[in-house]
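Protein sequence lines, in the order shown, are assigned to chains A and B. Each residue of the first sequence is one higher than the one before, counting from 1 in our numbering. Each residue of the second sequence is one higher than the one before, counting from 1001 in our numbering. We put the beta carbon where it would ideally sit given N, CA and C, even for glycine. Since we're looking at a predicted model, the values are computed, not measured.
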Amino acid sequence: MPAYKRPSSLMPMTTGYCPGCLHALGTRLVADAIDELNQQQNAINVVSVGCSALNLYSWNGDDIGAAHGRAPAVATGIKRCLPDRLVFTYQGDGDLAAIGLAEIMSAANRGENFTVIFANNQTYGMTGGQMAPTTLIGQKSTTTPFGRDPQTTGYPLKMCELIATLEAPVFVARYALNTPKGVSDAKKGIKKAFELQLAGKGFTFIELLTNCPTNWGMSPLQTLDYMDTNTIPYFKPGIYKDTEVQG
Amino acid sequence: MEKRFMKGCEAIAEAAVRGGCRFFAGYPITPQNEIPEYLSWRLPEVGGAFVQGESEVASINMVYGAAATGTRALTSSSGPGISLKAEGISYLASAQLPAVIVNISRGGPGLGSIQPAQSDYLQATKALGHGGFRTMVFAPATLQEAVDLTYNAWEYAERDRNPVLILMDGCLGAIMEEVELPPMKELSTENTEDWSLAKVGGRTDNHMITPILPEPALEMLNKFKGFTYKGWEFSDVKVEEYLLEDAEYVVVAYGIAARVAKEAINNLREEGYKVGMIRPITLYPFPKASLDNLDYSKVKGIIDIEMTIPAQMRDDIELQVKGRCPVHEYGRSGGMLLDDEGVYEAISNIVKEGE
């Protein structure tokens, strides 16, 4: 049993995430996978805008800050010039599924050989809890104070399902980080995505269902229950595309 | 030197490759499509990468990523597309990344027209994006000048760790002229290895490229950038001064407007009128001294000629003239071209009225 210690890709400092935020866990899983694949020196973290921008200074490795929603475009430029590096973006739902919808769909459709880690907490955390493209029907936010109404705001976007319709992506999967099993599965999925990238297989997409105690207005433990009863029934965890398995 | 008869856009593309460009991303827009079309086959020939982006927004951000690796990266567009790239250009400036942006300009504002115009002077020189940064702006008037400026653009971009803009109207993008092509530059990591994401020399320290900084650091960066921009005025101004010695009337024009104006000036000289011209080659840094140092006991008027209405360079001119003589303007706009007769008549009317 290896000792449980801080992954080498994380600086010995606090992350800046709120107490109980699963973002910190998601970041840690990415760092763990990089350690296990011995890629700390080879990885390039393309940091996006939102709470995920907090990773910029706490990441121990090469990293670059991208404009809001543009991380897949930035990663495209990097990977085309440095094809041997392990390149990944770490994006939230507002960044990836609203302002960056064109960039994520197009990068996925081109089959760019990098990995996208998508943290879906159904809110704009950094700006104070506005409605996200993934906010659930009926879920309250600062811009849907009476709950999200599909008549005027449409429905939560299912990114894994959308991306799995494309030809080029090789691995598309969603994991929920509110249970130990979900965490364990997510770690395996992230590692698999990185391995596929290192083998030059193509575009890989990992969605992590996370929480936001601060903007959901709940205790951390309440958010885990909320995820079980509300988030997971709508955003179903699972592997949506795996071309290696399908042959 | 290799001589070739080339179209403007293709000459720029070839000069970029010879100047070390190994990455291009762009989105189709008239009148610059020959640049991406040329580079789509030319870059792979030299081991470079070409990406047709899903938008101008994506393309400038691909350039941002490529530039971060120390690769000489290029994007090109025209007015409406440059507006879309504005955010990304501001990020390049903030993250101190070198890259080259080409604007083959057309009629504006809005979707405007696809015909040539010089309608983007203010955008290019005052606010190419949010946040208060500057870039050097090169404005060639011949294809040879376009080749030479493009070939060396990354030297400035890497020296200053700042994007460089080449502003050239649709006329110059479309015409064909003979150009001398310089040799292929040797690729080097010398100017970029200290900060780029590439692993050079087995480095093990982290390199962070960031467009966001803690407030005191951001203020310090802005002060540093301010010194850089000031330095350009002393070391990097490029200007053509034409028949200024005895000039009583001085035309100020750049790019295609300067070519048309030169023809009119030559005709007026033959008629005995003392007309000269200041042609900014760098629109930023603006050739302030050329205007400030004119002998205003002789000069009776300045004539700003631009292929845009209203004239956009006029404010920069008046800041140097300081009321010492009248400033006139003449132009065409919206994709309607300047022609020899119109420009001759405009200058001639002002000059002959002053007799």
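_Nearest candidate by alpha-carbon position, reference residue 156 of chain A, set A:234, A:31, A:243_ = A:234
*Spell out a yes or no on whether the stretch 1345 to 1354 of chain B and the stretch 1153 to 1164 of chain B are touching, meaning 3 or more CB-CB pairs, one atom from each, closer than 8 Å.*
no
*How would you call residue 1106 of chain B, buried or exposed, if buried means at least 16 neighbouring beta carbons within 10 angstroms?*
buried
*With distances taken Cα to Cα, identify the nearest neighbour of residue 1115 of chain B among B:1338, B:1343, B:1090, B:1352.*
B:1338
_Nonlocal neighbours in the same chain, by C-beta distance under 6 Å from residue 1200 of chain B, ignoring five residues either side_ = 1189, 1193
*Any heavy atom of the ligand SAH within a distance shorter than 7 Å of the CB on residue 63 of chain A?*
Of ligands this structure carries none, so the ligand SAH is not represented either.
*Using a C-beta cutoff of 8 Å, does residue 77 of chain A count as contacting chain B?*
yes
*Between the stretch 36 to 62 of chain A and chain B, which residues of the former have a C-beta closer than 9 Å to a C-beta of the latter?*
41, 42, 44, 46, 47, 49, 53, 56, 57, 59, 60, 61, 62
*Got a sec? Which residues, its chain only, sit under 7 Å from residue 74 of chain A by beta carbon, not counting five neighbours each side?*
46, 64, 66
*asked:* Mapping the DSSP letters down to three states, classify residue 1174 of chain B as helix, strand or coil.
replied: helix
*Are residue 1180 of chain B and residue 1003 of chain B closer than 8 Å when you measure CB to CB?*
yes
*At what residues does the alpha helix (DSSP H) containing residue 183 of chain A begin and finish?*
180 to 198
*asked:* Under DSSP, the alpha helix (DSSP H) around residue 27 of chain A begins and ends at which residues?
replied: 22 to 36
_If you reduce the DSSP assignment to three classes, tell me which class residue 203 of chain A lands in._
coil
*Between which two residues does the beta strand (DSSP E) harbouring residue 1021 of chain B extend?*
1021 to 1026
*Do you know offhand how far residue 33 of chain A's Cα is from residue 40 of chain A's?*
10 Å
*Beta-carbon of residue 1044 of chain B versus every beta-carbon of chain A: anything under 8 Å?*
no
_Tell me which residues share the same chain as residue 1165 of chain B and place their Cβ nearer than 6 Å to its Cβ, disregarding the 5 neighbours each side in the sequence._
1101, 1124, 1135, 1137
_Minimum Cβ-Cβ distance from residue 1280 of chain B to chain A less than 8 Å_ = no
*Is residue 1054 of chain B close to chain A, meaning its C-beta is less than 8 Å from at least one C-beta of that chain?*
yes
_Proximal chain D residues relative to residue 1091 of chain B, where beta-carbon distance stays under 7 Å_ = No chain D is present in this structure, whose protein chains are A and B.
*asked:* On the CB-based measure, 16 or more other CB atoms within 10 Å of its CB, does residue 247 of chain A come out buried or exposed?
replied: For residue 247 of chain A, the predicted model reports a pLDDT of 48, less than 50, meaning its position is unreliable; a value from the coordinates is still stated below. With fewer than 16 other Cβ atoms within 10 Å, it is exposed.
*asked:* Please give the ranges of any alpha helix (DSSP H) in the stretch 1247 to 1290 of chain B, keeping only runs that are unbroken, at least 4 residues long and fully inside the region.
replied: 1255 to 1270
_Any C-beta of chain A within less than 9 Å: which residues of the stretch 1058 to 1082 of chain B qualify?_
1058, 1059, 1060, 1061, 1062, 1063, 1064, 1065, 1066, 1067, 1068, 1069, 1070, 1071, 1073
*Pull out every residue of the stretch 1121 to 1140 of chain B whose Cβ sits closer than 7 Å to any Cβ of chain A, in chain order.*
none
*residue 1187 of chain B versus residue 1151 of chain B - alpha carbon distance*: 13 Å
_Cα-Cα separation, residue 1328 of chain B to residue 1128 of chain B_ = 27 Å
_Threshold first: 4 residues or longer. Then list the alpha helix (DSSP H) segments lying entirely within the stretch 1021 to 1087 of chain B, N to C._
1034 to 1045, 1056 to 1068
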